[in-house]
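With this note's numbering as the guide, the letters of the sequence shown map in order to residues 89 to 213.
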Amino acid sequence: MASGKENATYQLLIVVDEAVSVRVGQLGEFAFAPGYYVYTGSARRGMKARLKRHLARDKRLRWHIDYLLANPHVTVVDVQILDQPECEVNQYITGTIPVPGFGASDCTAGCGAHLFEVRSVNWEG
Ligand SMILES: [Zn+2]
Numbered sequence: 089m090a091s092g093k094e095n096a097t098y099q100l101l102i103v104v105d106e107a108v109s110v111r112v113g114q115l116g117e118f119a120f121a122p123g124y125y126v127y128t129g130s131a132r133r134g135m136k137a138r139l140k141r142h143l144a145r146d147k148r149l150r151w152h153i154d155y156l157l158a159n160p161h162v163t164v165v166d167v168q169i170l171d172q173p174e175c176e177v178n179q180y181i182t183g184t185i186p187v188p189g190f191g192a193s194d195c196t197a198g199c200g201a202h203l204f205e206v207r208s209v210n211w212e213g
């Protein structure tokens, strides 16, 4: 693999600990049930900085995921970094889409969203 895309994809395992309503930028306000969520993103450069940013609560809200993670009842409990393309990884997830279009502004693979609510966590760490 000489594409320079290795380790470009990351997934955040997110726990919502009580029912919350979150305004997700211009997508609007959405209810999130308590449970597990998986967010898939990519950072070709600056992976460490990106992940550190996701884990920080105080920041300017830029991406859809920022709005969700800014809520005090929402916590990132695990992170994994993968070699496969972002959308391929995302499409492996079995779950429901709480917010159509979430994190998928740049998606050209028809994922529907890059955030899924998952019933059980099949986390290959
Ligand atoms: Zn996608």
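Ideal Cβ placement from N, Cα and C applies to all residues, glycine included.
Contact test: residue i Cβ vs ligand 1 heavy atom, cutoff 7 Å
i: N159; result: no
i: H142; result: no
i: H202; result: yes
i: A131; result: no
i: E174; result: yes
i: A137; result: no
Anticipated Cβ contact below 8 Å, residue i with residue j, distance rounded
i: F118; j: V187; result: 5 Å
Residue environment, residue i, which counts as buried when at least 16 other CB atoms sit within 10 Å
i: L203; result: buried
i: V165; result: exposed
i: R133; result: exposed
i: S208; result: exposed
i: Y180; result: exposed
i: A192; result: buried
i: A121; result: exposed
Reference residue i; option with closest CA among the options
i: A197; options: T163, E106, V167, P173; result: P173
i: T163; options: D171, C175, A144; result: A144
i: H152; options: G113, A121, V126, A107; result: G113
i: L170; options: A158, L149, M135, H142; result: M135
i: Y241; options: F190, E106, Q99, Y124; result: Not covered by the structure: residue 241. The range shown for the chain is 89 to 213.
i: V104; options: D146, Y125, T97; result: Y125
i: C195; options: S130, F120, V108; result: S130
i: V206; options: R138, L101, H161; result: L101
i: P160; options: A107, L115, C175, A137; result: A107
i: V167; options: R150, L139, A192, L115; result: L139
DSSP bridge partner residues for residue i (one or two, in chain order)
i: R111; result: E117
i: Q99; result: T128, Q168
i: E205; result: Y125, T184
i: V104; result: G123, V162
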